[in-house]
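Just so it is clear: in the sequence shown, position 374 is 378 by the working numbering, and no numbers are missing. Think of the CB as a built atom: it goes at the ideal place given N, C-alpha and C, for glycine as much as any other residue. Note that this is a predicted model, so its numbers are computed, not measured. Let me begin by presenting the structure, written as structure tokens, before commenting on it.
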Amino acid sequence: MASLKSKNFLTQVGDATKVVGDTLIYLCYESEAPSGSFLKQLDFETEGAVSAVYANDEFAGKLNSTALFRAPAGWGVRNILLTGVGKRAGIKLDNFRQAAGTISRHVAVKKAEDVIFDCQSELDANRAQALVEGYRLGSWKMLDYKSDPEVKKETNQTISVLCANRKVENKTSKGVERGAIIGAAVSQCRRLAFHPSNYLTPAKLAEKAKGLGKRDGFSVKVLNVTQIEKERMGALLAVNKGSSENQARFIIMQYDGGRKGQAPVVLVGKGVTFDTGGISLKPGMNMYEMKGDMTGSAVVISTMSAIARLKVKLNVVALVPTTENMPSGDALKPGDIVTARNGKTIEIINTDAEGRLILADALDYANKFNPQAVIDIATLTGATLFALGYAGAPILGTSKTVLDRLRAGSKATAEKVWELPLWPEFTTQMKSAIADLVNSGGRPAGTATAAAFLKEFIGDYPWAHIDIAYVDLEPSGQPYSPKGPSGFGVRLLIETLANWKQM
Ligand code: BES
Ligand code: MN
Ligand code: ZN
């Protein structure tokens with residue numbers, strides 16, 4: 005398997021005209037004439053090449069635009085890439101992430117190896133972090149299943165941020181370090197989500213979590229089916245019934261970064277390694293995308309990796325119920341009634357509404373930890389496509405505080421979320437005539453009724469739910485998110501937990 009660390013991110017102190025490397029990146033604000041000593045000197049030494057691209061309207065510093073120059077003779081670098089970050093007034097951190105994503109692909113095309121970002125005086129730790137995240141994520145590729153060793157070969161790139169002096173470097177290096185850890189965690193999530201279900205079974209997912217826990221510093225316990233039966237997780241077991249080969253697992257991850265005895269924040273991630281729909285079989289078109297129905301679990305596992313590596317001062321538990329959802333002679337059938345861990349009975353209207361079943365048992369299990377808050381994340385409902393599409397994730401919950409914290413995390417990371425209401429009508433919609441609940445409330449308000457169902461299984465802890473169906477898969481490609489699994493939610497959760505205050 006390709007290594008997680010294919011790129012090296014560093015800082016160095018020096019002068020842009022003397023620093024040694026392949027490509028020097030210089031960030032430019034939109035609609036600002038080439039001022040500043042660096043651009044003036046470059047212009048002078050290239051006999052007006054810089055003012056020419058500005059004068060001809062070939063480059064105006066617009067976000068994600070670039071202009072490449074050969075470095076003047078005697079400089080330490082070969083190329084200089086001017087990159088636009090947009091207008092200076094009210095500039096957002098995400099502009100730096102995007103610009104760096106654009107650069108990473110530009111540089112990959114040119115096969116440049118050592119890249120230097122000129123720090124100027126304006127790159128604080130947060131901007132440096134954003135640059136590193138964007139660079140790391142923009143050129144990310146899934147190569148695990150390519151057979152050609154040439155294709156799989158990783159370029160050993162060094163990306164450094166050039167700082168004017170030691171004092172600037174001290175601040176900047178913290179951002180660079182954070183960006184590298186967070187970028188690696190998002191890449192890890194994308195890779196997990198990309199794995200097909202014949203390679204990534206529930207047992208394999210549990211093994212991977214164990215390996216990552218050992219590497220990054222969190223403990224991992226895995227319950228097998230016998231132990232899941234002892235826990236009376238009837239809803240998880242019901243979904244697993246159709247899988248004759250691949251048995252369910254329940255993964256419990258624990259990171260103790262807070263003081264001893266501090267109530268943890270509990271994360272819950274949906275880990276359906278393949279969702280056929282079960283007996284309520286999905287249509288064949290695009291069904292292959294349902295290998296990504298374990299993305300919630302990939303998000304929480306990768307978040308654990310990052311917070312452990314960042315040494316966040318908080319106790320965090322992550323729970324992953326993981327199973328396939330398959331049709332077979334033994335599979336769960338519409339009309340069946342199952343009993344969840346908390347004792348509530350559920351009439352199965354549609355076996356394709358399996359995610360909420362396995363989350364129900366995990367949300368009840370979370371009570372064991374006396375959590376200060378619980379956040380679950382899941383590719384739960386196709387209805388998100390009609391609510392927010394690929395642009396953002398619906399959030400719902402019982403705690404304004406937790407939802408506010410997610411909104412704050414969302415603002416910092418540009419992973420957009422928007423709250424949907426948990427109105428009593430939706431709870432009514434999930435009542436069964438013959439059992440306590442139904443597992444499907446039909447098409448109306450599909451995202452909210454799924455959350456209303458989950459609400460029946462939480463304890464008296466503050467709770468929020470994030471539905472990442474569709475935002476989990478980037479459909480066309482964005483500056484720092486190539487087509488495919490996006491890793492949405494990893495940065496959001498890391499940011500939210502890193503700034504967490506005891507509740
Ligand atoms: N995993 C799906 C949700 C999904 C759909 C995620 C499309 C990403 C893209 C989930 O298990 C599901 O099938 N939900 C059903 C529920 C319905 C039967 C009540 C849905 O949303 O259609
Ligand atoms: Mn389903
Ligand atoms: Zn599903």
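Annotation for residue 25: the continuous beta strand (DSSP E) segment containing it runs 25-33. Each residue's CA atom was taken as its position, placing residue 380 and residue 295 some 19 Å apart. Around the beta carbon of residue 464, fewer than 16 other beta carbons lie within 10 angstroms, which makes this residue exposed. Within the region 35-86, complete alpha helix (DSSP H) segments of at least 4 residues are found at 40-49, 53-59, given in chain order. Within the region 298-334, the runs of beta strand (DSSP E) that reach at least 3 residues and sit entirely inside it are, in chain order, 319-329.
Here the distance from the Cβ of residue 328 to the nearest heavy atom of the ligand MN is not below 6 Å.
Rounded to whole angstroms, the gap between the alpha carbons of residue 460 and residue 401 is 12 Å. For residue 423, the enclosing beta strand (DSSP E) starts and ends at 421-423. Apart from sequence neighbours up to five positions away, the residues of its chain that approach residue 144 with a beta-carbon distance below 6 Å are 191, ordered along the chain. Check the Cα spacing between residue 21 and each of 406, 184, 41, 462: the tightest is with 41.
In this structure the region 110-128 lies against the region 71-89, because at least three pairs of beta carbons, one per stretch, are closer than 8 Å. In this structure, residue 388 sits near residue 398, with a CB-CB distance shorter than 7 Å. Annotation for residue 366: 272, 323, 325 place their beta carbon closer than 6 Å to its own, counting only its chain and skipping 5 residues before and after. The continuous stretches of alpha helix (DSSP H) do not include residue 12, which lies in the beta strand (DSSP E) extending over residues 11-17. Fully enclosed alpha helix (DSSP H) runs of no fewer than 4 residues occupy 129-142, 153-156 of the region 116-167, in order along the chain. The residue from 183, 227, 372, 420 with its alpha-carbon nearest to that of residue 105 is 183. Within the DSSP bridge table, the entry for residue 243 names no partner. Taken through DSSP and simplified to helix, strand or coil, residue 351 comes out as strand. Between residue 173 and residue 23, the C-beta gap is not smaller than 7 Å, which leaves the two residues out of contact.
Non-local C-beta neighbours of residue 175 in its own chain, meaning closer than 6 Å and more than five positions away in sequence, comprise 129, ordered along the chain.
With a threshold of 6 Å, the Cβ atom of residue 359 counts as near the ligand ZN, since some heavy atom of the ligand is closer than that.
Excluding the 5 residues flanking it on each side, residue 232 has same chain C-beta neighbours closer than 7 Å at 240, 241, 252, 254, in chain order.
According to the DSSP secondary-structure assignment, residue 101 is paired through a beta bridge with no residue.
Within the region 223-267, the complete beta strand (DSSP E) segments of 3 residues or longer fall at 223-227, 253-260, listed in chain order. Residue 243 sits away from residue 349, with the two beta carbons spaced by 7 Å or more.
Remark: C-beta atoms of residue 301 and residue 193 do not approach each other more closely than 7 Å. In this structure, residue 386 has its CB closer than 6 Å to one or more heavy atoms of the ligand BES. Proximity of the beta carbon of residue 471 to the ligand MN is not indicated: no heavy atom of the ligand is located closer than 6 Å. Taking every protein chain shown into account, the CB of residue 92 has fewer than 16 other CB atoms within 10 angstroms, so this residue is exposed. Remark: the shortest separation between the CB of residue 383 and any heavy atom of the ligand BES falls under 6 Å. DSSP places residue 270 inside the beta strand (DSSP E), whose first and last residues are 269-273. Setting aside the 5 residues that flank it on each side, residue 146 is surrounded in the same chain by 198, each with a C-beta closer than 6 Å to its C-beta; the list follows chain order.
The alpha-carbon separation between residue 36 and residue 203 amounts to approximately 52 Å. As DSSP reads the structure, residue 279 sits in a beta bridge with 329.
Where residue 197 is concerned, the enclosing alpha helix (DSSP H) starts and stops at 170-198.
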